[in-house]
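See below for the structure under consideration.
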């Protein structure tokens, strides 16, 4: 900042006079412009030598640098700097209050600065962002239409926003709402009076309206982002329980996708559109057969009147021949990862569909003349490098285990019995099945005993081996070219990203409940939270902000609503409740979503201790 003197001619007399302004330089794109911060008027009787130190001191005070170093200013100029800085801050606060829909008048009080206190900090950084998505999708209105009373409505909003901002169990959410979050102030609702049991019961009530809520949120997303139903993605994941959950029929041991074989599991199935919005969810037992769930999920999926039947995209685990036959009977187009083990790929007949540095994708299209199905054999350089790396690690481990067995044939207290050594070799083949077929393993038996004599092995190359990095896509969508088929398939990667977000960002795991309905409700709350998170990400993406929800949540954290306690010279006490000023990166987030910078309203309470004492 600096002080500028400007010559102006009087409109009445034409005589020139001077006016003084406090000016700052502001960068706008590639240019720097100067704008007036404060008009100092005509009667500005400060020596020019003090202009620079005075402007610097005002700027420091505005930025909150309230130290005792005053750059050599006399008490007179320090008092002036304090006065000007207060006027600027007051005007800026009034402007921000106007953004909140309120006006703020100047209010000067004499207070004891040594007794200033700040109490009851409550977070309001990510909460208003989450509320914005919830209200934009009309979820609060829908819950009221479904018969949720005031307490049930705010409990539902509390658990959903809590899952977005502070993911955890319902117990952890209850503590967060009462002790750490300012969400209640934004809703004008006191969560301290909310019983924990009501928070548990509201998940049951949300679950009873699952179909209506999922239908509303998906339709709102379609209207908001102009989506069309052309692709349907379907996949499943599972999460684990803390405890045995012996009373829950869905809590079963199965193949854990998180390697938690020590825990009972529960399975979440999701149907999504091409944009990543959930269309339907369902909870199955942890040991459910994934292919068996497809018919149930798609049969209950209602299409808009006159809408074309979408193309269904599936992973190999669900794409059984029975399921594909059923999809054809129902008139569905499908694109699946083929289960065929040996994939024939001819580099000479393949076309390049992606060439980005080290990542190259080539595809060979083959049409089955009898069925009309298309096989798309794809080769990825990145996938090849990954598969070769995995194979090398497994080969190293297999050879180390074989070496250990071979050496043990000639050492005391080691396994030497032929049948036992043969059993161990079989176990190694099973453990390292990915690479075991590359090895010819021979175990020689001692003709004079039941012991093994020698163990030898050598590497072989199977004649039917597939080039590493090749996978096959299978479809009855014959009209699509190679690029369209491949780009549609990689949407499954987006679905995997949804599951990662649900687990890592939205508290899907672990599950602490044991009752089946409570478990389903817990998972459904995470799905609802994901609807809102995905809405926010797409809104911000349109504004050029490409961040994960975790990054956005961290970026919005740090802002709080606090109560400033001021003791007046007459013994009365002011309690001022308001939000702290957001950091610049938080302001960028608010600006992108059209939100005010100071969440909640400013509240002033005057306490008269003498009056309270006289009433006792």
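Residue numbers (my numbering): 4 to 619. Idealized CB from N, CA, C, for every residue including glycine. Computed from a prediction, not measured in an experiment: that's the story for all the values here.
I think residue 521 touches residue 203, with their Cβ atoms under 8 Å apart; what is that distance to the nearest whole Å? Here residue 521 refers to the residue found at position 518 of the chain shown. Here residue 203 refers to the residue found at position 200 of the chain shown. About 7 Å separates the two Cβ atoms, so the contact holds.
Going by DSSP, which residues form a beta bridge with residue 287? Taking the first residue of the chain shown as 1, we reach residue 287 at position 284. Per DSSP, 270.
Taking Cβ positions, are residue 2 and residue 91 nearer each other than 9 Å? Residue 2 cannot be examined here, being either before or after the span of the chain that is shown, 4 to 619.
Of the residues 323, 338 and 78, which one's Cα is nearest the Cα of residue 313? Within the chain shown, numbered from 1, the residue matching residue 313 stands at position 310. If we check each option's Cα against that of residue 313, 338 comes out closest.
If you compare alpha carbons, which of 329, 410, 320 and 509 is closest to residue 301? Mapped onto the chain shown, residue 301 falls at position 298. Ranked by Cα distance from residue 301, the options 329, 410, 320 and 509 are led by 329.
Less than 6 Å between C-beta atoms, sequence neighbours within five positions excluded: which residues of the same chain meet that for residue 146? Your numbering for residue 146 matches position 143 in the chain shown. Annotation for residue 146: 156 and 159 place their beta carbon closer than 6 Å to its own, counting only its chain and skipping 5 residues before and after.
With 16 other CB atoms within 10 Å as the buried threshold, where does residue 345 fall? Taking the first residue of the chain shown as position 1, residue 345 is located at position 342. By the 16-neighbour rule on beta-carbons within 10 angstroms, residue 345 is exposed.
Starting from the C-beta of residue 425, find all residues in its chain whose C-beta is less than 7 Å away, skip the five residues before and the five after it, and write them out in chain order. Your numbering for residue 425 matches position 422 in the chain shown. Excluding positions up to five away in sequence, the list reads 446.
Tell me whether residue 276 is buried or exposed, calling it buried when 16 or more other Cβ atoms sit within 10 Å of its Cβ. Position 273 of the chain shown, counted from the start, is the residue given in the question as residue 276. Buried, by the Cβ-count rule.
Given a cut-off of 9 Å on the beta-carbon distance, is the pair residue 603 and residue 127 in contact? The residue you call residue 603 lines up with position 600 of the chain shown. The residue you call residue 127 lines up with position 124 of the chain shown. The answer is yes: Cβ separation under 9 Å.
Taking Cβ positions, are residue 7 and residue 24 nearer each other than 9 Å? Indexing the chain shown from 1 puts residue 7 at position 4. Indexing the chain shown from 1 puts residue 24 at position 21. Yes. Within cutoff.
Hey, quick one: how far does the alpha helix (DSSP H) through residue 173 stretch, first residue to last? Within the chain shown, residue 173 is the residue found at index 170, counting from 1. Looking at the DSSP string, the run of the alpha helix (DSSP H) that includes residue 173 is 173-182.
Residue nearest to residue 315 in terms of C-alpha spacing, selected from 234, 175 and 497: Against the chain shown, residue 315 aligns to sequence position 312. Of the candidates 234, 175 and 497, the one whose C-alpha sits nearest the C-alpha of residue 315 is 234.
Touch test, the stretch 540-550 against the stretch 164-171, Cβ-Cβ under 8 Å, three pairs minimum: No, the stretch 540-550 is not in contact with the stretch 164-171.
If you draw a straight line from the C-alpha of residue 259 to the C-alpha of residue 419, how long is it? Along the chain shown, read from residue 1 onward, the residue named residue 259 stands at position 256. Along the chain shown, read from residue 1 onward, the residue named residue 419 stands at position 416. If you take the alpha carbons of residue 259 and residue 419, they lie about 36 Å apart.
Taking buried to mean at least 16 other C-beta atoms within 10 Å of its own C-beta, is residue 205 buried or exposed? For the purposes of this step, residue 205 is taken as residue 202 along the chain shown, with counting starting at 1. Using a 10 angstroms sphere on the CB of residue 205, the tally of other CB atoms reaches 16 or more, which defines it as buried.
Have a look at residue 111 and residue 124 and give me their C-alpha separation to the nearest angstrom. In the chain shown, counting from the first residue as 1, residue 111 sits at position 108. In the chain shown, counting from the first residue as 1, residue 124 sits at position 121. Approximately 24 Å between the Cα atoms of the pair.
7 Å Cβ shell around residue 70 - same chain, five flanking residues per side excluded: Numbered from its first residue, the chain shown carries residue 70 at position 67. Interpretation of residue 70 is limited by its pLDDT of 48, a score under 50 that renders its predicted location unreliable; no figure is taken from the coordinates.
Length at least 3, wholly inside the stretch 461-539: the beta strand (DSSP E) runs in chain order: Whole beta strand (DSSP E) segments, 3+ residues: 473-478.
What are the boundary residues of the alpha helix (DSSP H) that includes residue 358? Residue numbering aside, residue 358 sits at position 355 when the chain shown is read from its first letter. Segment 354-359 is the beta strand (DSSP E) holding residue 358; no alpha helix (DSSP H) there.
Whole-angstrom distance between residue 289 and residue 2, CA atom to CA atom: Because the chain here runs from 4 to 619, residue 2 falls outside it and cannot be looked at.
C-beta contact flag for residue 340 and residue 319 at 9 Å: Within the chain shown, the letter at position 337 stands for residue 340. Within the chain shown, the letter at position 316 stands for residue 319. Yes, the Cβ-Cβ distance between residue 340 and residue 319 is below 9 Å.
Which listed residue (162, 208, 547 and 342) has its alpha carbon closest to that of residue 187: Within the chain shown, residue 187 is the residue found at index 184, counting from 1. When each option's Cα is compared against that of residue 187, the closest is 162.
Taking only runs that begin and end inside the stretch 183-211, name each unbroken alpha helix (DSSP H) of 4 or more residues, in chain order. Listed in chain order, they are 186-190 and 199-211.
Considering only DSSP beta bridges, list what residue 126 is partnered with. Residue mapping note: residue 126 aligns to position 123 of the chain shown, counting from 1. DSSP output for residue 126 lists 184 and 563 as bridge partner(s).
Any chain B beta carbon closer than 9 Å to residue 245: The question asks about chain B, but that chain is absent: this structure has only one protein chain.
At which residues does the alpha helix (DSSP H) containing residue 580 begin and terminate? Mapped onto the chain shown, residue 580 falls at position 577. Not the alpha helix (DSSP H): residue 580 falls in the beta strand (DSSP E), residues 576-582.
Inter-residue spacing [alpha-carbon to alpha-carbon] between residue 439 and residue 178: In the chain shown, the residue the question calls residue 439 occupies position 436. In the chain shown, the residue the question calls residue 178 occupies position 175. Between the alpha carbons of residue 439 and residue 178 lies a distance of about 53 Å.
In the DSSP assignment, what are the bridge partners of residue 24? Here residue 24 refers to the residue found at position 21 of the chain shown. DSSP output for residue 24 lists 7 and 42 as bridge partner(s).
Just to confirm, does residue 345 get its C-beta within under 8 Å of one of the non-hydrogen atoms of the ligand FMN? In the structure shown, the ligand FMN is absent, as is every other ligand, since no ligand is present at all.
Which partner residues does residue 405 have in the DSSP bridge list? Here residue 405 is taken as the residue at index 402 of the chain shown, counted from 1. Answer is none; residue 405 lacks a bridge partner.
Expressed to the nearest angstrom, what Euclidean distance is found between the alpha-carbon atoms of residue 5 and residue 45? Residue numbering aside, residue 5 sits at position 2 when the chain shown is read from its first letter. Residue numbering aside, residue 45 sits at position 42 when the chain shown is read from its first letter. The alpha-carbon atoms of residue 5 and residue 45 are separated by roughly 16 Å.
Can you tell me whether DSSP reads residue 342 as helix, strand or coil? One-based indexing of the chain shown puts residue 342 at position 339. In the three-state DSSP reduction, residue 342 falls in the coil class, being neither helix nor strand.
Helix, strand or coil, according to DSSP, for residue 459 in the structure here? On the chain shown, position 456 is the one that residue 459 refers to. Annotated three-state conformation of residue 459 is strand, per DSSP.
For residue 236, which residues does DSSP report across the bridge? For this step, residue 236 is matched to residue 233 along the chain shown. Bridge partners of residue 236: 275 and 316.
Going along the chain, which residues of its own chain have a beta-carbon closer than 7 Å to the beta-carbon of residue 583, five neighbours each way excluded? Taking the first residue of the chain shown as position 1, residue 583 is located at position 580. The beta carbon of residue 583 lies closer than 7 Å to those of 562, 563 and 565 in the same chain, with the five residues before and after it left out.
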